[in-house]
Every structure is written in C-alpha cells, then in structure tokens.
Amino acid sequence: MNKTILGLMVVPLVLSGCIKKAEEKPTEKMEKTSTIKATEQPPKEENIIPAMLVRNFLVKFQQPKICAPNPDVDGIVCTSKEAIALKSNIEWIDQVIDKEIRKDYADALIPPSEKQKQLNQTQAEGFNNWSQNVVYRFNGQFGQYVQISKVSSEYSGGAHGIATFEDYIFDLKRALLHKAILEGFFSNIISR
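With the UniProt record's numbering as the guide, the letters of the sequence shown map in order to residues 1 to 192.
Structural data, given as structure tokens:
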C-alpha cells in the first residue's frame with residue numbers, strides 16, 4: 001500500500017516535468033520563426049490585389065420625364081428612367097459600368113432638341129405608365145474576383161413588367177470581365 005501511495009505521488013512530478021520541457025521548446029521555435037518572418041521580402045506591387053471600395057449614385061439624365069393625361073387613371077401619368085450606378089476605387093471597372101450606362105441610356109444623357117421635345121410629347125400617349133430602371137450592385141469580393149450585378153427592369157403597363165439580371169465578374173489580377181446574363185430560364189456566358 002505504501003508503494004502505491006508513493007507511486008501516485010511520483011507520477012504527477014514526472015508528468016509535470018515533461019510539461020515544462022514541452023513548454024520551453026515552442027518558445028525557442030517561435031523565436032526562430034519570428035526572425036525568419038522579419039527577413040522576408042514584402043510582396044511586389046504587381047501581386048497586390050486592392051480591396052474594392054464602392055458607393056452608389058443616381059445618374060442625372062438630361063431628358064425630362066414625358067407626362068400625359070391617362071384615360072385609365074384620373075390625372076397625369078409620367079414615364080420614368082432611372083439609373084443607379086457605382087463609383088469605386090478601381091478606374092477600369094468604373095469605365096466598364098459607365099460605358100454600359102451610356103450604351104443603354106444614350107438618348108437620355110444628352111439635352112433634348114426642340115424636335116426631340118415635340119417627339120417626346122407624341123410618345124407620351126404611347127408610353128403610358130412606362131418606366132425603365134437599372135441598378136448596379138456590388139455583391140462582394142473574393143480574392144482577385146469582384147462581382148457586380150446589374151438589375152434592369154422595364155414596365156409598360158399591365159400586370160407586371162420584365163426584369164433582366166446580369167452578373168459582372170471582374171478579375172482584378174488579369175483585368176478581365178466575365179459577364180453572365182440571365183433572362184428568364186436562359187443563360188449565356190460571355191467573356192470579354
């Protein structure tokens with residue numbers, strides 16, 4: 001019995017001695033690794049991928065809304081065009097989005113001539129309740145890839161309008177754009 005008690009008292013001392021040695025070894029290793037890290041070269045400028053910072057803004061159109069009396073509704077109904085774009089810290093992405101807006105809304109970005117004003121009044125009767133919207137949304141960044149969505153909608157009266165969803169996936173490392181267009185059940189992948 002005395003041997004058992006003596007054995008139980010010696011075992012914790014032996015085990016605690018092992019723990020102290022195990023604790024001493026990692027400190028030596030950490031000292032070695034910290035000196036190695038201090039001598040590493042900083043990453044090259046070409047390998048740095050910037051974090052994308054984004055803010056939304058409303059695009060100002062030169063063309064006024066087209067308004068006309070509506071026989072279906074009491075009062076005057078106006079057409080509307082609205083675009084909400086993105087401004088980021090990456091210039092070439094801003095240029096791609098700006099180019100898309102200029103392509104989609106070319107007629108609304110220039111001031112109307114007198115002839116255009118007359119045409120707008122004529123179109124007002126045909127474009128009863130018509131509206132067109134586009135919103136660019138920053139979805140996120142995963143490493144070198146940035147995803148921006150373009151949600152376009154058009155309503156010309158009736159029960160519902162139509163919407164189109166486009167995803168832009170930008171490769172920041174190679175300065176490439178991959179564009180996925182989803183219209184209803186059909187999808188196309190386009191690389192530029």
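Each residue gets a CB set at the ideal place from its N, CA and C atoms; glycine is no exception.
All figures in this text were calculated on a predicted structure; none of them were measured in a lab.
A distance of 8 Å or more separates the beta carbons of phenylalanine 61 and alanine 106.
Counting of Cβ neighbours within 10 angstroms places phenylalanine 57 among the exposed residues, the total staying below 16. Per DSSP, reduced to three states, the secondary structure at valine 59 is coil, with no helix or strand assignment. In the three-state reduction of the DSSP assignment, isoleucine 97 falls in the helix class, which pools H, G and I. Spatial neighbours of lysine 150 in its own chain (CB-CB distance under 6 Å, excluding positions within 5 residues in sequence) are listed in chain order as Tyr136, Glu166.
Comparing C-alpha distances from tryptophan 92 to each of Ala163, Val146, Ser156, Gly157 shows the shortest one belongs to Val146. Residue state for arginine 102 is assigned as helix, using DSSP reduced to three classes. In this structure, the straight-line span from the alpha carbon of isoleucine 169 to that of isoleucine 148 is close to 6 Å. Taking a 10 Å sphere around the C-beta of leucine 172, we find 16 or more other C-beta atoms and assign the residue as buried.
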